[in-house]
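S.K.:
Protein chains in written order, with our numbering: chain A, 512 to 985; chain B, 43 to 250.
#1: Which term fits residue 892 (chain A), buried or exposed, when burial requires 16 or more other beta carbons within 10 angstroms of its beta carbon?
#2: Going by DSSP, what residues sit across from residue 906 (chain A) in a beta bridge?
#3: Please check if any C-beta of chain A sits within less than 8 Å of the C-beta of residue 234 (chain B).
#4: Does the beta carbon of residue 780 (chain A) come closer than 8 Å to any beta carbon on chain B?
#5: Roughly how many whole angstroms lie between the Cα atoms of residue 704 (chain A) and residue 711 (chain A)?
#6: Would you please verify whether the beta carbon of residue 1013 (chain A) is less than 8 Å from any beta carbon of chain B?
#7: Counting contacts by CB-CB distance shorter than 8 Å, is residue 59 (chain B) in contact with chain A?
#8: Shortest alpha-carbon distance to residue 158 (chain B) belongs to which of B:184, B:123, B:132, B:66?
#9: So, are the CB atoms of residue 799 (chain A) and residue 64 (chain B) less than 8 Å apart?
#10: Is the beta carbon of residue 146 (chain B) sitting closer than 8 Å to the one on residue 125 (chain B)?
#11: Is the beta carbon of residue 670 (chain A) less than 8 Å from the beta carbon of residue 698 (chain A)?
#12: Roughly how many whole angstroms lie between the Cα atoms of residue 975 (chain A) and residue 966 (chain A)?
#13: With respect to the alpha helix (DSSP H) encompassing residue 808 (chain A), which residues constitute its N-terminal and C-terminal limits?
#14: For chain B, find out if any of its Cβ atoms is closer than 8 Å to the Cβ of residue 773 (chain A); answer yes or no.
#15: For residue 43 (chain B), name the three-state secondary structure that DSSP assigns.
#16: Nearest chain B C-beta to residue 777 (chain A) closer than 8 Å, yes or no?
#17: Can you confirm whether residue 48 (chain B), when its beta carbon is compared against all beta carbons of chain A, has any partner nearer than 8 Å?
#18: For residue 729 (chain A), does the three-state DSSP call read helix, strand or coil?
#19: For the beta strand (DSSP E) that contains residue 963 (chain A), what are its first and last residues?
#20: Does residue 919 (chain A) pass the burial test, meaning 16 or more other C-beta atoms within 10 Å, or should it be called exposed?
#21: Using 8 Å for Cβ pairs, my map puts residue 591 (chain A) next to residue 571 (chain A). What's the rounded Cβ distance?
#22: Tell me whether residue 985 (chain A) sits in a helix, a strand or coil according to DSSP, three-state version.
#23: Check each residue of the segment 143-163 of chain B: if its Cβ is closer than 7 Å to any Cβ of chain A, include it; give the result in chain order.
#24: Should residue 136 (chain B) be flagged as near chain A, meaning a C-beta pair shorter than 8 Å?
#25: Run the CB neighbour count on residue 52 (chain B), radius 10 Å, all protein chains shown included, and call it buried at 16 or more, exposed below.
#26: I need the straight-line Cα distance from residue 136 (chain B) to residue 111 (chain B), nearest angstrom please.
#27: Using a Cβ-Cβ cut-off of 7 Å (strictly less than) and excluding sequence neighbours within five positions of residue 661 (chain A), which residues of its own chain qualify?
#28: Please determine, among B:237, B:191, B:162, B:187, the residue with the shortest C-alpha to C-alpha distance to residue 198 (chain B).
#29: Report yes if the C-beta distance between residue 951 (chain A) and residue 847 (chain A) is below 8 Å; otherwise report no.
#30: What residues match up with residue 718 (chain A) in a beta bridge as DSSP calls it?
#31: Would you say residue 230 (chain B) reaches chain A, if we count a Cβ-Cβ gap shorter than 8 Å as a contact?
#32: Evaluate the contact criterion for the segment 801-821 of chain A versus the segment 727-740 of chain A: three or more CB pairs, one atom per stretch, below 8 Å.
#33: Keeping to the same chain, check which residues put their C-beta closer than 7 Å to that of residue 578 (chain A); ignore five residues upstream and five downstream.
#34: List, in chain order, every chain A residue whose beta-carbon is nearer than 7 Å to that of residue 102 (chain B).
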C-alpha cells in the first residue's frame, strides 16, 4: 500500500488519530480514569508513523492541549494546577518521545524500502514480478532494456504471452507448475522480445512467499547471448582441434589403413584371376567361378566398409548423438590398429561385457577417444623390451554408467606428472603434440562422463573413462 | 607331374585372402592346405610330397620371417614364397637372403605367384630327390664294417692297396678283400662313382 505524501493528508491523519483518542478516552473515562494516557500516546505514535516527524509533533501539541483541557485538573480549562505540573510534563515528555519513535521507525522503513526499490530497479539482471495468475505486477529497468517493452505496456498482462516464444510454451507451462508447487526454476532457455526477435537467457524463478503463502513469482533473467556465443565458439574450436587430431592420428595409422584396404583388394584380384581361369576352361567350371565371384562381392563390401569407417572418422561435422554400442566401437578401433599392434608385437587382450547397454553418444568422437587411448598405449610400449607388451581393454557396467579401461605395460609417467598428463601440450612422446588426452577428456566430459588415469602396478598406465547410461548431463 | 602329388601350404591370417588363394590354386589344379597362423602350420601333420609354402610376412604371434627362421633351424627346407600387403625392401631382402623363392606384394599378378609356385615345387622335388639319395648313401655307409669305413678315406685319397696295407698294418691281400667289399656294399660301379658318393657324404680326403 502506498501512502500519499501531501501535508494536508499527513496533518489531517494526525488530527484524526488524536480525535479518535479523545473520543475513546471520554467514553472510558468513567471506568478507567487514566486510560487516556495510553490512547493519546498511541495516537501520537501512529501520527508519527504515518505522517512522520511534523505530523507527530503536531499530534503532540494537539494532544497536550486536549489532555490539559479534559483530563488534567482543573477540568475544562486550559491551565494546569501547580501540583499537576510534574504529571502533565511527564505526559508531554512521553508524547514527544513516542512521536519521535514512531517517525524514526517510519523513516527507517522507508529508507529500507527505497534501498530495495533501488536494488530492484538498478539490478543488472532483468526482474519480473508476476502474480499467481502470471499477470505482470512490476518489471525493472534492465527488463525493459532486454525485452524492449515499456513498464506500463506490460502491467496486468500475462507474462508468458509477452515473452515466451511459441516453441517454448510447453516448457514455460511446466516451469509454472513447478513454481506452483513451491519449487524454484533454473533454466537456460529462449525468450522473445517485443519485436519478436529471440534472446538466449538464463532464467531463475521462485515464489514470493508471505506468511507461508505464495502471492506471486519473481523471475530473474540474464541475457546469455554473448556467453552462449563464446561457448559455441569454444565448442567449434574444440571440434576443429579434435578433427585435426583425428587427421593426425589417421596419418600415423596410414600404414594400418593401407593394410586394411589392401587385404580385401588382394583377395579380390586373386579370386578374380581364379574365376577367369575357371571360366576359360573347356568346359567352364561355373560352380567354382560362382564361388570366387561371391568372395569378390564380399571382399569388395569389406573394403568399402573400411573406407567408410575412415571417412566417417575424418568427417569434420559433428555426427548426431545416437545410441551407440561401446563394445562395437572398441572392436572397430582395434581393427583399425591391429596392424600397428601386430607390427609392434603387442598382445591385445579384451574383456568386453556382452550385457553392456548402449549409451547415447557421438560415435566418431568416442572412436576418437578409444583411438587416442590405444595409440598412447602402443606408443608407450614400443620401447619396452624387458617385459611383455600387453594392451588390455575392459568394458563393464556400473549401476548408472559404463566403465571402459585401457591398460598397458608401457613406460607410464613419472609420479610428479600425475596431475599434468591431461594438460594441453603435455606429452611423454618424443614427437607428440600433447593434445590427445586433453581432447579425449573434453569429449568424455561433453558426454557427461569422466576420464581419469591411474599408474599401473608395477608399471604401465591405466586410463579409465565412464559414460552415463541415460542422456548426457549437460 | 600329377597335381595330387604336390601340396601348397598357405599361412595367411586374413580369411579372405586365404580363401582367394585356395580358389586360385584350385583353378590351376593345385591342392592347398590353409593355416591361419605360423603355430598352426608348425603343429600340423604335413603330407610327405613335394610342397612349398606361401607365407604372409605379417602374422599375429610368430611372423612369417620368424617362421622361416624356425623352419630353417629345425632343418625343414620347404621352399617359401612370401606375400605381403606392403612390401618393404629391407624385409624382402632379409627374406630372400634367408632363401625365399619369391617375395610378392599384394595385390600380385596371379601368374607371378603361379610361376613362383612351379619354381618352388621343382626346387622341392630336386631337394627331395637329393635327400632320398643321400639317405640311401647314408644307409650304405652304415652297412660298412669298422675296418671298411676306416679304409674309405684312404681309398678315395687315391692310395694304392700297398700303401694302405702299410698304413693300417695289414697285408695287401686283406686290403684288396676289404676294398672289394667296400665297392660292393656302397654299390659303386666304378672308382669315380665312389668318389662322387664320398663327396655327397662329405667324407674328407686323407692327406699323404
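Just so it is clear, CB atoms sit at the ideal spot from N, CA and C, and this is done for glycine as well.
M.R.: Result, derived from the coordinates:
#1: Answer is buried; the Cβ neighbour count reaches 16.
#2: DSSP lists A:863, A:915 as partners of residue 906 (chain A).
#3: Chain A contact via Cβ: absent.
#4: yes
#5: 11 Å
#6: Any property of residue 1013 (chain A) remains undetermined from this structure, which presents chain A solely from 512 to 985.
#7: yes
#8: B:123
#9: no
#10: yes
#11: Against a cut-off of 8 Å, the Cβ pair of residue 698 (chain A) and residue 670 (chain A) comes out as no contact.
#12: 11 Å
#13: 797-825
#14: yes
#15: Interpretation of residue 43 (chain B) is limited by its pLDDT of 43, a score under 50 that renders its predicted location unreliable; no figure is taken from the coordinates.
#16: yes
#17: Judged by the 8 Å Cβ criterion, residue 48 (chain B) is not in contact with chain A.
#18: strand
#19: Bounds of the beta strand (DSSP E) holding residue 963 (chain A) are 961-966.
#20: buried
#21: The Cβ separation is near 16 Å, so there is no contact.
#22: Low confidence applies here, because residue 985 (chain A) scores a pLDDT of 41, under 50, leaving its location unreliable and the question unanswered by this model.
#23: 148, 149, 152
#24: Using a CB distance cut-off of 8 Å, residue 136 (chain B) does not count as an interface residue toward chain A.
#25: buried
#26: 11 Å
#27: 655
#28: Scanning B:237, B:191, B:162, B:187 for the CA closest to the CA of residue 198 (chain B) turns up B:237.
#29: For the pair residue 951 (chain A) and residue 847 (chain A), the CB atoms are not nearer than the 8 Å cut-off.
#30: For residue 718 (chain A), which the question treats as bridged, DSSP gives the partners A:728.
#31: no
#32: At 8 Å Cβ cutoff, the stretches do not touch.
#33: 547, 551, 602
#34: 853
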